[in-house]
Structure formats: C-alpha cells, structure tokens
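Visitor:
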Amino acid sequence: MQPLLHHAASALGWRGIVVPDVAVLGHQVSAVVRVRADVHEWRTANGWPPQADPSWFRSWFEPAAHDRLPVSAVELVGVLVGESTVDRALQSCGTLMTLAPCSVVLPAPQGGQSWPLIELDYYGIGVVAVDEAGAAELLVPPEDRSTEFGPSLFGRWLLEVLYDRVLKEVPAHARVNS
C-alpha cells in the first residue's frame, strides 16, 4: 500500500512525507506532511519534543497549566483515504476536510465504467484512481476547505501526532527534503 500512497500523493502534486495508517476520527488514513525545518531545529534545541499524548492535549484546555504551546513543526499538506468504492468516500473525508485537503484513493474503474464523482467534486473531495500496476490518475482535484472551518485544538494535536510519527519513522536525511 505504501508505494500506492506515494503515487497518489504525486498525482495530487502533494510534496512531503507520507505518514501511513494514522487513526483519525474513527478512520485509518494517511497524511502527507512537510517538516518545518526551522521550527524542528528550534524545538529540538529548546526541549520541545512532540506532544502526542492525549492527556497532554486535554490539558491545553486549562490555560493555567500551559501558558504557552509549542509551534507546530509539521504542516499538513493533505489527507489520503483509501476506499474500495466511491459510496464510502464522502463519509470518510467528510470531517477530515475540515483539517486539510482530503482525497480518496480508489481502484481505477474497469473497462468503460466510470465512478460517479460529481458529489465528491461538489464537496471539494479529491479523487485519485490507482490501477493494479500502481499508476495513479488524478480524477478530481481536492479543494482546501480547512480555512472555512478555522483552526482547532484537535487539528493542532493531530499535527503533534504526525510530528511524532515522522521523527520515529523517517530518517533525518529524508525529512530535510520534504
């Protein structure tokens, strides 16, 4: 699945690090992120490791406990959701599109058949079709609707989770060119 995700991200023009298998709002998704090298260096030098622990996140609601929060060291470029049918795509991306552009990765339609994509296009959900050989075709470009919803503490916490995953799973030299 990993190479397919990279092909899908490339078809979308999303440059960054693909973080697979992230549990978000009841869905298993993949995220494409870029490391903000300057912020990462500052956080490392000043003892601000990723804060992915949910209990720490809950304490953000108590200003007396945290008079300052770390600046995010990653930028969420987009979310990839793998589905086998277009019917589940809207449900899978519905809430996630409040955080970043969301695209569903579907198997390429067989023969003369095509996917009914007008509803996904209407809601700004992108569609990438991937065939068995791994070729990815952008069928519907995603829209970034996250600005309509504004920032959220959940979205900020998700960035910490993704930052933690990148530091644990991606070699340092690979993070530089994200």
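Residue numbers (this note's numbering): 135 to 312. Each residue gets a CB set at the ideal place from its N, CA and C atoms; glycine is no exception.
Contact between the segment 277 to 293 and the segment 221 to 241: three or more CB pairs below 8 Å?
Guide: In short, these stretches touch, since the Cβ pair count reaches three.
Visitor: Are Val-167 and Tyr-297 touching if we call contact CB-CB under 9 Å?
Guide: yes
Visitor: Hey, could you find the ends of the alpha helix (DSSP H) Val-295 is sitting in?
Guide: Segment 287 to 303, the alpha helix (DSSP H) holding Val-295.
Visitor: Does the beta-carbon distance from Val-262 to Leu-254 come in below 9 Å?
Guide: Contact: no.
Visitor: For a test of the three-state rule: what should DSSP assign to Arg-222, helix, strand or coil?
Guide: helix
Visitor: Spatial neighbours of Gly-150 within its chain, please: CB distance less than 7 Å, with the 5 preceding and 5 following residues excluded, ordered by chain position.
Guide: Correct list, in chain order: Val-166, Val-167, Arg-168, Val-211 and Ser-312.
Visitor: Since Cys-236 sits in a beta bridge, which residues does DSSP pair it with?
Guide: DSSP lists Val-213 as partners of Cys-236.
Visitor: Ignoring anything shorter than 3 residues or poking outside the segment 138 to 209, list the beta strand (DSSP E) runs there in chain order.
Guide: Counting only runs of 3 or more, we get 151 to 158 and 161 to 169.
Visitor: With hydrogens ignored, establish whether the beta-carbon of Val-239 is closer than 8 Å to any heavy atom of the ligand ATP.
Guide: This structure does not include the ligand ATP; it has no bound ligands of any sort.
Visitor: Apart from the five residues just before and just after Arg-177, which ones in its own chain have a Cβ nearer than 8 Å to its Cβ?
Guide: Excluding the 5 residues flanking it on each side, Arg-177 has same chain C-beta neighbours closer than 8 Å at Pro-183, Pro-204, Val-205 and Ala-207, in chain order.
Visitor: Check for me: the alpha helix (DSSP H) holding Leu-251 runs from which residue to which?
Guide: Note, Leu-251: premise wrong, no alpha helix (DSSP H); not H, not E.
Visitor: Do the CB positions of Gly-228 and Ser-164 come within less than 9 Å of each other?
Guide: Using a Cβ distance threshold of 9 Å, Gly-228 and Ser-164 do not count as a contacting pair.
Visitor: If you compare alpha carbons, which of Arg-279, Leu-251, Glu-282 and Glu-294 is closest to Leu-273?
Guide: Leu-251
Visitor: Buried or exposed for Pro-285, going by 16 or more other Cβ atoms inside 10 Å?
Guide: exposed
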